[in-house]
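These notes are about the structure you will find just below.
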Amino acid sequence: MDEIEKEKIAALPSQLLITTICHPMEYAKVLIQLGYEPLPPRRSTTLFGRPAMILPNVFQYIKFIKKSDGFFGCYTGLSARVLGLIASSQLTSKVIHACGIDLPEINDPPNIVSDDEPKLEDYYKLGRRDVIMHTASVLVSYPFHVVSVRMMAAFIGKEEEYSSLLGAIVSIYRDDGILGFFHGIIPKLLADLTCVAVTGILAYYVNKYLVKTKDLRYYTLPLLTFVTSTITYPLVVVSTCMAVAGCSLRAGNPPLMPAYPSWQACWRELLRNKQHKRGSSLIFRYYIAPIAATQ
1 MDEIEKEKIA ALPSQLLITT ICHPMEYAKV LIQLGYEPLP PRRSTTLFGR
51 PAMILPNVFQ YIKFIKKSDG FFGCYTGLSA RVLGLIASSQ LTSKVIHACG
101 IDLPEINDPP NIVSDDEPKL EDYYKLGRRD VIMHTASVLV SYPFHVVSVR
151 MMAAFIGKEE EYSSLLGAIV SIYRDDGILG FFHGIIPKLL ADLTCVAVTG
201 ILAYYVNKYL VKTKDLRYYT LPLLTFVTST ITYPLVVVST CMAVAGCSLR
251 AGNPPLMPAY PSWQACWREL LRNKQHKRGS SLIFRYYIAP IAATQ
């Protein structure tokens with residue numbers, strides 16, 4: 001067992017626990033990313049006192065799902081997510097080796113959390129390792145992500161064929177073949193790899209010029225990852241939409257979703273209507289009317 005497998009397997013129990021506990025929120029978030037708002041907005045004010053229309057928060061959204069499908073209905077799609085995590089932990093290193101990638105830092109990553117002066121070469125090697133690992137992990141787990149998203153999206157149109165894991169897999173293959181399991185993977189990869197690259201660059205300069213001690217450098221990467229992920233979040237919304245767009249689900253077809261010929265078209269449409277940050281805030285959710293609705 002190599003270092004990648006050890007690292008992935010060691011993190012698996014905590015990932016499974018967190019994924020299971022937080023799945024109802026992820027379920028609601030996916031539906032929000034798809035633009036599904038079954039509960040009407042109400043009049044309120046922003047934090048600065050300006051009048052605004054506010055949408056129900058994620059907990060009210062989960063309550064709506066529970067009322068419709070019961071407690072266990074809030075865990076629709078969890079089985080596919082769990083399989084994706086297991087596949088990622090078991091197969092990521094095998095994909096890397098199958099591609100003939102053999103770099104020293106893959107199994108022996110440089111330590112950037114120290115009191116020593118940061119070395120650009122170490123950050124470059126760590127960034128290269130993270131890019132390779134993220135790419136392999138996404139390739140392995142993404143089909144399960146698509147299955148999970150479509151199982152959750154079936155809540156919108158109440159399609160029975162997506163009510164089970166096997167039924168969802170059969171439906172995706174019937175509609176789109178093998179490629180159907182990779183719909184939306186390009187914006188997902190762009191989001192993840194941009195986040196990794198930008199975080200690595202920022203971490204080097206922050207640790208070099210601002211953060212000088214080992215104790216504080218433990219927090220540099222997690223904090224910068226959070227900041228960078230908010231910038232790349234719109235690509236995650238695009239990926240979620242493209243995972244469903246054009247399939248047999250009502251959620252992926254007009255009038256609930258425009259017919260997107262490509263992920264770039266989806267990006268432009270969401271950006272034009274100021275819908276590219278759907279789901280980024282799960283508590284304070286302000287209603288933004290699409291341009292078409294205001295004309």
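Okay, so the sequence shown: first residue is 1 according to full-length UniProt numbering, each after it adds one. Cβ atoms here follow ideal geometry from the backbone N, Cα and C, with glycine treated the same way. Computed from a predicted structure; not experimentally measured.
Item	Value
Just tell me which of 281, 240, 130, 271 has its CA closest to the CA of residue 145.	240
Does the segment 163-182 touch the segment 105-125, meaning 3 or more C-beta pairs lie closer than 8 Å?	no
From the DSSP output, in three-state form, read off residue 288 for me.	coil
Over the uninterrupted alpha helix (DSSP H) stretch that includes residue 271, give me the two end residues.	263-272
Only counting the same chain, and skipping five residues up and downstream in sequence, which positions put a Cβ closer than 7 Å to that of residue 190?	235
Given this structure, state the Cα-to-Cα distance separating residue 260 from residue 215, to the nearest angstrom.	48 Å
In terms of residue numbering, what span does the alpha helix (DSSP H) encompassing residue 220 cover?	220-244
Excluding the 5 residues preceding and the 5 following residue 248 in the sequence, name in chain order all residues of the same chain whose CB lies nearer than 6 Å to its CB.	175
I'd like the list of long-range same chain contacts for residue 270, defined as Cβ closer than 6 Å, with 5 residues on each side in sequence excluded.	276
Would you mind sorting residue 266 into buried or exposed? The rule is 16 or more other CB atoms within 10 Å of its CB.	buried
Take residue 57 as the anchor and find which of 157, 69, 42 has the nearest alpha-carbon.	42
Just to confirm, is the Cβ distance from residue 201 to residue 263 under 8 Å?	no
Count the other C-beta atoms from every protein chain shown that fall within 10 angstroms of the C-beta of residue 281, then say buried if there are 16 or more, exposed otherwise.	exposed
Do you know how far the Cα of residue 199 is from the Cα of residue 232?	11 Å
When you compare the CB positions of residue 156 and residue 251, do they come within less than 8 Å of one another, or not?	yes
Taking residue 166 as the reference, give the member of 147, 184, 158 with the closest Cα.	147
Could you check where the alpha helix (DSSP H) with residue 152 kicks off and where it finishes?	120-157
Taking three-plus beta-carbon pairs below 8 Å as touching, is the segment 88-97 in contact with the segment 130-142?	yes
Do the segment 68-86 and the segment 16-28 meet, that is, are 3 or more Cβ pairs less than 8 Å apart?	yes
Extract the residue ranges of the alpha helix (DSSP H) inside the segment 8-66, only unbroken runs of 4 or more that lie entirely within it.	none
Which class does residue 102 belong to by DSSP, given the choice of helix, strand or coil?	coil
Where does residue 210 sit, in a helix, a strand or coil, going by DSSP?	coil
Given a cut-off of 8 Å on the beta-carbon distance, is the pair residue 142 and residue 182 in contact?	yes
Go ahead and label residue 159 buried or exposed: buried means 16 or more other beta carbons lie within 10 angstroms of its beta carbon, across all protein chains shown.	buried
Rounding to the nearest angstrom, what Cα-Cα distance links residue 66 and residue 150 in this structure?	18 Å
Mapping the DSSP letters down to three states, classify residue 117 as helix, strand or coil.	coil
With residue 179 as the anchor, note down where its alpha helix (DSSP H) starts and where it stops.	Taken as a continuous stretch (DSSP letters only), residue 179 belongs to no alpha helix (DSSP H), as it is neither H nor E.
Have a look at residue 162 and residue 25 and give me their C-alpha separation to the nearest angstrom.	20 Å
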